[in-house]
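Number 181 marks the last residue of the sequence shown (the working numbering); no jumps. Just so you know, even glycine gets a beta-carbon here, dropped at the ideal spot from N, CA and C. Reading through the structure tokens given below for one structure.
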Amino acid sequence: MKELPYFKFYPSQWITGNISFLSYEEQGAFMKACCFYWAQDCKLKTQQIKRIIPEESYNSLLDNGLIKSDGEYINISWLDSQLKERKKRHEANVKNGKKGGLISAELRASNQARVEGGSRAGVEGDSSIKIRKDKIRKEKIKGVVGEKEFTDPNLRIDDELKNLLKK
15 MKELPYFKFY PSQWITGNIS FLSYEEQGAF MKACCFYWAQ DCKLKTQQIK RIIPEESYNS
75 LLDNGLIKSD GEYINISWLD SQLKERKKRH EANVKNGKKG GLISAELRAS NQARVEGGSR
135 AGVEGDSSIK IRKDKIRKEK IKGVVGEKEF TDPNLRIDDE LKNLLKK
């Protein structure tokens, strides 16, 4: 899975949650920890977090249950749940992409088999279809409807273009 570009952040949860009772320094330390944790795919060693935020803030975040530590790694539960959700969605997208890819591959293979299996007349038939499409396009450009030529007074076609269309 590619780098995780963002995590969900709900301002109302921030304002009404336990974090709002901490000092601004501790709130900033928590946000920095969350960003660093997310950027590391939710695998961050305790020693690393202690190097990026002050020791007092780290201890306060632990005491208030905003981060947890097993000694070696820290956990931020709300980011862990978001990561699980994203991985689950990613796996579903990969599975669905493979299904779509298989269908496309089967269609390409059957079309290729039809072209290779067909006679020379079949190949020429394909080119005649292209010629007919080109003729239809030219007729639309000319403005031919049945036997009559459609002319728009607001549309002027110079003689050079008319000669090209006749060819």
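The way I'd put it, the region 108 to 117 doesn't touch the region 70 to 81; fewer than three beta-carbon pairs between them come closer than 8 Å. Residue environment analysis places residue 121 among the exposed positions, since fewer than 16 neighbouring C-beta atoms fall within 10 angstroms of its C-beta. For the pair residue 39 and residue 32, the Cα-to-Cα distance works out to about 14 Å. For residue 24, the secondary structure class from DSSP, reduced to helix, strand or coil, is coil. In the displayed model, residue 179 falls within a helix according to three-state DSSP. Taking C-beta atoms as the reference points, residue 66 and residue 50 count as a pair closer than 7 Å. For residue 89, the enclosing beta strand (DSSP E) covers residues 87 to 89. Straight through space, the alpha carbons of residue 86 and residue 25 are spaced by roughly 30 Å. In the DSSP assignment, residue 82 forms a beta bridge with 89.
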